[in-house]
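Protein chains in written order, with UniProt numbering: chain U, 1 to 252; chain A, 1 to 345. All residues carry an ideal CB built from backbone N, CA and C; glycine is no exception.
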């Protein structure tokens with residue numbers, strides 16, 4: 001049991017967050033095991049994105065604690081959290097449209113020392129790595145194109161690739177399959193599996209159940225700001241509380 | 001395109017270097033001095049506002065601080081007119097840069113439209129302070145700077161070449177920043193600040209450093225102009241028209257580009273000086289100037305430099321035998337790849 005706790009990359013313990021009268025998160029707890037792919041599902045408005053924002057420093061939580069590899073990150077800023085090794089994508093893909101694809105890749109490169117900030121944005125080894133990652137997601141050909149000219153699916157791939165350049169330990173994906181064609185979804189799932197085999201941990205918010213059930217070993221279900229069930233896909237699917245949340249509860 | 005821009009800039013700088021040797025008439029070199037010093041201002045403005053997208057209409061806050069710094073330094077230390085005050089122009093720039101730290105720390109808590117309004121407000125606060133801190137600034141009577149002993153044809157030369165050196169420095173710094181990791185971070189802030197944060201960029205620090213570099217150039221510009229006119233008054237040092245002029249020059253030439261703000265400043269300032277010389281008796285200069293700006297904004301909304309480059313690449317594309325497919329229509333590599341993999345799987 002002790003070992004299991006050690007193996008948690010992220011531990012969210014009883015956090016709460018309210019926006020005025022709306023309680024977006026209420027005593028929400030979730031542990032993410034190192035090397036796992038965890039799916040986070042739940043009806044719209046159940047607090048999934050708020051939980052993402054809390055973990056990545058965009059929302060200050062009202063109470064509770066969030067730890068990354070044992071250290072509290074509840075008070076950290078987004079840029080500090082990224083530097084620790086937590087990368088994220090956004091529900092609506094966010095890239096830098098007026099920079100080229102290659103420039104986009106370099107934004108997330110982390111350098112040691114402040115003096116290095118004023119040397120060239122594209123050092124040889126950084127460029128090599130950027131091109132490798134573009135290869136990995138299959139958009140190397142477009143490296144000199146302005147990123148705003150990419151299709152929606154390609155933007156998702158780019159956003160995915162530029163997070164990888166900083167060697168994150170865990171990646172939080174907010175609806176990676178949203179608005180993307182089915183073949184691209186399979187392609188993306190393959191990339192995720194490959195990175196997972198290399199030891200990367202994933203937390204994925206997704207509405208596409210097929211995608212989640214095929215990819216994730218663990219599935220957590222959110223409802224009204226809380227995790228109501230966690231387990232394998234099959235366990236979660238047969239959980240009455242989950243059925244209630246999705247199909248409308250209130251049956252006494 | 002980047003290379004073309006650098007070459008254009010080099011040509012401009014070489015032209016500016018020999019300009020007074022060809023046109024040595026003092027009334028011409030005086031116009032040339034203002035054109036070059038405004039080019040420094042526009043380039044400096046561009047380092048912060050152009051690269052980060054934080055449009056500032058309070059740039060005169062820092063040029064005013066530079067102007068008063070030089071005036072006070074010369075007054076307190078009894079510095080005589082000559083070449084010495086030019087050395088203190090750099091000190092005035094540094095003072096303006098340091099001054100930008102607390103100012104930036106406060107005003108950079110806002111974004112977009114609010115930021116613009118706050119910069120304007122800051123400017124008027126500074127102007128009011130200059131009027132009212134009489135013991136320090138001399139109030140509305142202003143401060144007189146030492147008068148250089150140069151006469152006639154030579155008078156403008158030290159100022160002109162001093163401004164040109166500043167311009168070379170401003171261009172070099174702009175170029176270095178644009179090609180650095182720091183500059184890429186600034187552009188990322190312009191595109192999507194929150195996204196930049198989630199990629200590990202300390203946006204607050206980036207913006208502050210950019211503002212300080214930008215303020216340095218504003219400070220030197222303010223100091224140079226005040227030494228040239230030998231006076232500094234609150235209304236001229238903290239002049240909202242200066243801000244609007246500098247911002248317009250940058251937009252006119254192409255905001256965020258290397259050469260744009262400099263080309264914009266050289267053209268607009270020359271034109272404005274010429275028009276006020278020719279038509280100022282009836283106030284026609286401002287109307288003509290405003291009308292011209294409207295026409296340019298209608299025809300070249302992105303500014304001269306980006307519009308020209310677009311035209312060139314369009315012409316090149318039409319010359320090539322194979323038409324370039326538009327990016328939206330092309331079926332993309334990764335998608336095709338995905339189709340293949342999907343079929344295999």
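DSSP on residue i, reduced to helix/strand/coil?
i                      : result
residue 34 of chain U  : coil
residue 169 of chain U : coil
residue 153 of chain A : helix
residue 100 of chain U : strand
residue 27 of chain U  : strand
residue 161 of chain U : helix
residue 138 of chain A : coil
residue 230 of chain U : strand
residue 198 of chain A : coil
residue 90 of chain U  : coil
residue 146 of chain U : strand
residue 12 of chain U  : strand
residue 299 of chain A : helix
residue 253 of chain U : Here chain U covers residues 1 to 252 and nothing more, so residue 253 of chain U does not appear.
residue 359 of chain A : As shown, chain A starts at 1 and ends at 345. That puts residue 359 of chain A outside it, with no answer to give.
residue 139 of chain U : coil
residue 41 of chain U  : strand
residue 322 of chain A : Because residue 322 of chain A carries a pLDDT of 49, less than 50, the predicted location of this residue cannot be relied on, and the following value inherits that uncertainty. Reduced to three states, the DSSP call for residue 322 of chain A is coil.
residue 69 of chain U  : coil
residue 125 of chain U : helix
Please go through the same chain and pick out, in chain order, the residues whose beta-carbon is closer than 7 Å to the beta-carbon of residue i, but skip the five residues on each side of it.
i                      : result
residue 187 of chain A : 51
residue 140 of chain U : 131 and 134
residue 203 of chain A : 189, 193, 196 and 197
residue 59 of chain U  : 17, 50 and 53
residue 186 of chain U : none
residue 121 of chain U : 106
Does the ligand PLP have a heavy atom nearer than 7 Å to the CB of residue i?
i                     : result
residue 82 of chain U : The model on display carries no ligand, and the ligand PLP is accordingly not part of it.
Using only the alpha-carbon positions, how far apart do residue i and residue j sit?
i                      : j                      : result
residue 261 of chain A : residue 171 of chain A : 10 Å
residue 30 of chain A  : residue 128 of chain U : 51 Å
residue 144 of chain A : residue 227 of chain A : 9 Å
residue 232 of chain U : residue 178 of chain U : 22 Å
residue 89 of chain U  : residue 48 of chain U  : 13 Å
residue 207 of chain A : residue 236 of chain U : 47 Å
residue 66 of chain A  : residue 98 of chain A  : 11 Å
residue 20 of chain U  : residue 62 of chain U  : 12 Å
residue 224 of chain A : residue 146 of chain A : 12 Å
residue 17 of chain U  : residue 27 of chain U  : 9 Å
residue 271 of chain A : residue 78 of chain U  : 47 Å
residue 230 of chain U : residue 41 of chain U  : 10 Å
residue 104 of chain U : residue 92 of chain A  : 37 Å
residue 162 of chain U : residue 183 of chain U : 22 Å
residue 3 of chain U   : residue 157 of chain U : Note on residue 3 of chain U: pLDDT 46, under 50, position unreliable in the model; the coordinate value appears next. Approximately 35 Å between the Cα atoms of the pair.
residue 94 of chain U  : residue 14 of chain A  : 42 Å
residue 228 of chain U : residue 246 of chain U : 12 Å
Which chain B residues are close to residue i, counting only those with a beta carbon under 7 Å from its beta carbon?
i                      : result
residue 182 of chain A : Among the protein chains of the structure shown, namely U and A, there is no chain B.
Closest to residue i by C-alpha separation, out of the options, would be which residue?
i                      : options                       : result
residue 22 of chain A  : A:61, A:196 and A:157         : A:157
residue 250 of chain A : A:45, A:37 and A:287          : A:45
residue 104 of chain A : A:9, A:185, A:267 and A:212   : A:212
residue 229 of chain A : A:168, A:294, A:159 and A:296 : A:159
residue 253 of chain A : A:235, A:297, A:290 and A:136 : A:297
residue 253 of chain U : A:133, A:182, A:88 and A:129  : Any answer about residue 253 of chain U is impossible in this case: the structure gives chain U only from 1 up to 252.
residue 289 of chain A : A:71, A:130, A:268 and A:301  : A:268
residue 119 of chain A : A:266, A:239 and A:313        : A:239
residue 164 of chain U : U:144, U:187, U:66 and U:195  : U:195
residue 206 of chain U : U:155, U:92 and U:151         : U:92
residue 94 of chain A  : A:318, A:216 and A:275        : A:216
residue 29 of chain U  : U:243, U:238 and U:223        : U:223
residue 149 of chain A : A:83, A:88, A:314 and A:295   : A:83
residue 235 of chain A : A:54, A:264, A:218 and A:127  : A:127
With a threshold of 8 Å on Cβ separation, who are the neighbours of residue i within its own chain once the five nearest residues in sequence on each side are excluded?
i                     : result
residue 9 of chain U  : 32, 33, 34, 68, 69, 169, 170 and 201
residue 12 of chain A : 259, 262, 263 and 266
residue 22 of chain U : none
Between which residues of its own chain and residue i is the CB-CB distance below 6 Å, once the five residues before and five after are set aside?
i                      : result
residue 173 of chain U : 89 and 204
residue 208 of chain U : 177
Scan the segment 57-79 of chain A for residues whose Cβ lies nearer than 7 Å to a Cβ of chain U and list them as they occur along the chain. none
For the segment 103-123 of chain U, which residues have a CB atom closer than 8 Å to at least one CB atom of chain A, in sequence order? 103, 106, 107, 108, 109, 110, 111, 116, 117, 118, 119, 120 and 121
Against chain A: residues of the segment 49-75 of chain U by CB proximity under 7 Å: 56
Would you list, in chain order, the members of the segment 167-180 of chain A that have their beta-carbon closer than 8 Å to a beta-carbon of chain U? 176, 177, 179 and 180
Within 7 Å of chain U by C-beta, residues of the segment 187-200 of chain A in sequence order: The residues in question are 187, 188, 191, 192, 195, 196, 197, 198, 199 and 200.
Can you give me, in chain order, the residues of the segment 88-104 of chain U that have a beta carbon less than 7 Å from any beta carbon in chain A? Taken in chain order, the members of the segment 88-104 of chain U whose beta-carbon sits within less than 7 Å of a beta-carbon on chain A are 88, 94, 96, 97, 98, 99 and 103.
In the segment 151-166 of chain U, which residues sit with their C-beta less than 8 Å from some C-beta in chain A, listed in chain order? 151, 153, 154, 157, 162, 163 and 166
Determine which residues of the segment 216-227 of chain A have a Cβ less than 9 Å from any Cβ of chain U, and write them out in chain order. none
Which residues of the segment 201-212 of chain A have a Cβ closer than 8 Å to any Cβ of chain U? Give them in chain order. 201, 202 and 203
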